[in-house]
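Just so you know, we're using UniProt numbering here: the sequence shown kicks off at 1 and counts up by one.
For reference, the structure discussed in these notes is given below.
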Amino acid sequence: MQRLQTCSNTVEPTYWGFHRQGYCQAGFSAALAEDGQKVFVGAPGSWYWQGQVYSKDLVTDEERKTRESPASDDDSFLGYSAAAGEFTGDSSKDVVVGMPRGSNLTGKAVLYSSLLRNLQNISGEQMGSYFGYSVCVSDVNGDGLDDIVVGAPFFTDLQSKESKYEEGRVYVHYQDNKHHFDTDERSVLDGTYTKGRFGLSLASLKDINKDGYEDFAVGAPYAGKDGKGVLYIYHGSASGVRDKPSQVITPEEFPGVDLNTLGFAVSGSMDMDSNEYPDIVLGAYDSERVIFMKSRPVVNITSSMKLSKDVLSLEDKTCTLKDKTKVACVEATLCLMYNGLGVASEIDLALNHTLDGNLKSPRALFMDAHPYQVSSRTSNIRLRKNVEFCNKTTVYIQNAIRDKLTPIEIKTSYELIDLEPYRYVLKPILNLNVPTAATNEINIEKNCGKDDVCIPDLQLLAASNMEQYSIGTKKRLELDMTIRNAGEDAFESMLYVTMPLDVNYINIEKSKLDFPVSCSGAHPELTGENVLECDIGNPLPANKT
């Protein structure tokens with residue numbers, strides 16, 4: 001262990017006094033390079049609190065430091081936060097340093113090379129937001145280049161209609177292949193609680209879920225319904241940080257411990273329990289607590305649902321029910337396989353199978369269900385790591401269904417089963433960034449052309465058996481209606497006839513048709529309207545009258 005005396009050394013004369021380096025506050029922030037060779041130390045009190053950055057090579061003992069800036073940078077607090085990364089492409093570790101009162105109080109993140117040469121400045125956007133209060137480095141989009149995450153915990157959404165303040169904001173700036181950070185190409189994450197101070201602390205978590213993209217944690221020590229603090233975990237992706245946190249940790253998740261200011265400090269990226277996943281340490285200073293949180297192994301499941309037919313004709317009735325009824329059917333094959341780092345060789349899953357789950361009256365049922373046909377059921381299975389499991393089942397479509405346009409969804413969702421809840425071991429968790437269900441759709445065959453979109457052309461011709469009708473006579477008023485579809489098939493086609501309240505519907509006489517036509521009597525005493533509804537075909541075929 002080496003002792004660092006950054007504000008006093010034997011190489012250069014020491015500048016005492018509060019206006020020089022007497023109150024430099026060295027160690028207010030520090031960052032150690034990943035290889036452990038170089039350390040960067042922030043000293044925000046140097047030079048009238050302009051701030052200063054020191055570096056030391058722990059192998060060669062070479063020391064460097066930034067110089068005094070113009071007086072306009074007084075009280076800017078350079079060195080308030082620091083994080084090591086690689087921003088030049090030379091493999092040497094560089095550093096990003098927070099300067100929360102710089103850039104006319106909008107805040108600034110200052111990038112330095114390994115030799116403490118200024119590379120780029122990234123300014124905040126709101127005065128007093130304390131942009132640069134916290135920083136961390138993480139390859140969020142997985143392109144092999146370090147990205148920068150900057151916290152502005154005092155940011156206030158001035159456009160909000162709610163009376164909120166200091167919700168906090170976090171910015172993610174992405175490094176391009178020219179090792180530059182374009183401020184227009186950034187992601188923004190906002191806090192939701194007034195005075196929550198989202199972004200007061202930040203920590204890189206490396207790749208905590210082993211999906212190839214690095215992740216980070218955001219602390220909001222005064223957020224939550226009781227203002228006791230919240231810690232947010234954000235995952236990376238190919239397009240950058242995911243908009244929604246993958247996990248939200250609150251004090252309520254630690255029963256028996258009264259925690260305040262949860263997330264005031266957070267650190268990650270180290271595997272403390274040797275399970276191949278980085279863990280998290282977070283602080284709650286107001287409760288004098290430090291919490292060590294172990295990361296659970298992540299199970300990655302790949303799933304598919306394949307159908308024997310992409311399009312099903314309702315006239316192709318190849319299956320027979322127990323009562324000898326012929327029905328149209330299709331075979332659905334579910335396949336599952338899992339892998340993951342540090343996961344068990346076998347896992348147990350609970351499966352939930354549903355057919356047409358979006359409708360109250362499902363149109364499809366399981367063929368092999370006993371003793372009754374059902375549209376949903378459950379089962380449990382055991383999978384072996386990297387071994388594909390497939391199961392085939394037959395699904396049939398009920399006869400005389402009305403909705404023939406909407407595809408019929410076949411879905412199997414799954415979740416892990418804990419068969420040993422009494423064992424005090426760290427249990428795995430499913431990767432929630434990928435779907436936890438296998439789905440497919442049965443499309444019903446339609447005579448709708450190549451685009452599979454039906455555009456009918458319904459034409460109506462109506463004539464009566466008399467020109468005048470006197471209410472109270474015993475004569476029957478007959479309406480002769482001719483309906484022709486000059487376009488493509490018309491599904492769920494209906495005819496509505498509005499009649500005077502004193503007219504009663506008797507029956508319908510229809511010509512010989514290849515499709516059913518039916519009318520339901522009106523009930524003016526219930527609805528106040530005398531409307532006759534007639535189903536004129538589902539479908540009313542193309543070029544039919």
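Using N, Cα and C, we set each Cβ at its ideal position, and we do this for glycine too.
These numbers were taken from a predicted model, which means no experiment stands behind them.
- Distance between P516 and E409, taken at the CA atoms: about 27 Å.
- Counting along the chain, the unbroken alpha helix (DSSP H) around S103 starts and ends at G102 to L105.
- With a cutoff of 8 Å on beta-carbon distance, P541 and N485 are scored as near each other.
- Contact between the segment 453-460 and the segment 318-332 is absent, with fewer than three C-beta pairs closer than 8 Å.
- Under DSSP, S413 shares a beta bridge with N352 and A437.
- S287 sits away from A203, with the two beta carbons spaced by 8 Å or more.
- Taking a C-beta distance under 8 Å as the contact criterion, V97 and G240 do not qualify as a contact pair.
- Counting along the chain, the unbroken beta strand (DSSP E) around T482 starts and ends at L479 to N485.
- Note on geometry: alpha-carbon atoms of K206 and L189 lie some 19 Å from one another.
- Scanning the UniProt domain "Integrin alpha first immunoglubulin-like" (295-447) for uninterrupted beta strand (DSSP E) segments of 3 residues or longer gives 298-307, 326-339, 346-355, 364-366, 376-384, 389-397, 408-416 and 437-444, listed from N- to C-terminal end.
- Membership of Y496 in any alpha helix (DSSP H) is not indicated; the residue belongs instead to the beta strand (DSSP E) covering M494 to T498.
- Judged by DSSP secondary structure, Y234 falls outside any alpha helix (DSSP H) and instead within the beta strand (DSSP E) spanning V230 to Y234.
- Bounds of any alpha helix (DSSP H) do not take in Y54; it lies within the beta strand (DSSP E) bounded by Q52 to D57.
- DSSP places Y48 outside any beta strand (DSSP E); the residue lies instead in the alpha helix (DSSP H), whose first and last residues are S46 to W49.
- Unbroken alpha helix (DSSP H) stretches of 4 residues or longer found wholly inside the segment 196-228: none.
- In the three-state DSSP reduction, L158 falls in the coil class, being neither helix nor strand.
- Beta bridge pairing from DSSP links E63 with K56.
- As summarised for the segment 103-174, the continuous beta strand (DSSP E) elements at least 3 residues long and confined to that stretch are 108-112, 118-123, 134-138 and 147-152, given in chain order.
- Listed in chain order, the non-local C-beta contacts of I417 below 6 Å within the same chain comprise D348 and A350, local neighbours out to five positions each way being set aside.
- Spanning the alpha carbons of V257 and S376 requires a straight line of approximately 42 Å.
- Boundaries of the beta strand (DSSP E) harbouring L460: L458 to S464, taken from the DSSP string.
- With fewer than 16 neighbouring CB atoms inside 10 Å of its own CB, I508 falls in the exposed class.
- Secondary structure note for T88: it is in no alpha helix (DSSP H), with a DSSP letter that is neither H nor E.
- Looking at the DSSP output, L262 shares a beta bridge with G229.
- Only residues of its own chain outside the window of five on either side were considered, and among them none has a CB closer than 8 Å to the CB of E420.
- Straight through space, the alpha carbons of P456 and N300 are spaced by roughly 47 Å.
- Cβ neighbours of S470 within its own chain (closer than 6 Å, five residues either side excluded): none.
- Straight through space, the alpha carbons of M127 and D226 are spaced by roughly 28 Å.
- Contact between the segment 215-226 and the segment 155-163 is absent: fewer than three C-beta pairs spanning the two stretches fall below 8 Å.
- Per DSSP, T183 lies in no alpha helix (DSSP H) segment; the continuous beta strand (DSSP E) that holds it begins and ends at F181 to D190.
- Three or more Cβ pairs closer than 8 Å define a contact, and the segment 78-98 meets that threshold against the segment 34-48.
- Under the DSSP assignment, L532 falls in the beta strand (DSSP E) whose first and last residues are V531 to D535.
- Counting the other CB atoms within 10 Å of its CB gives V453 a total below 16, which places it among the exposed residues.
- The C-alpha of V531 lies about 6 Å from the C-alpha of M499.
- In the pairwise beta carbon analysis, the segment 20-28 is classified as touching the segment 47-62: at least three pairs are separated by under 8 Å.
- As a beta-bridge residue in DSSP terms, G283 pairs with A265 and V290.
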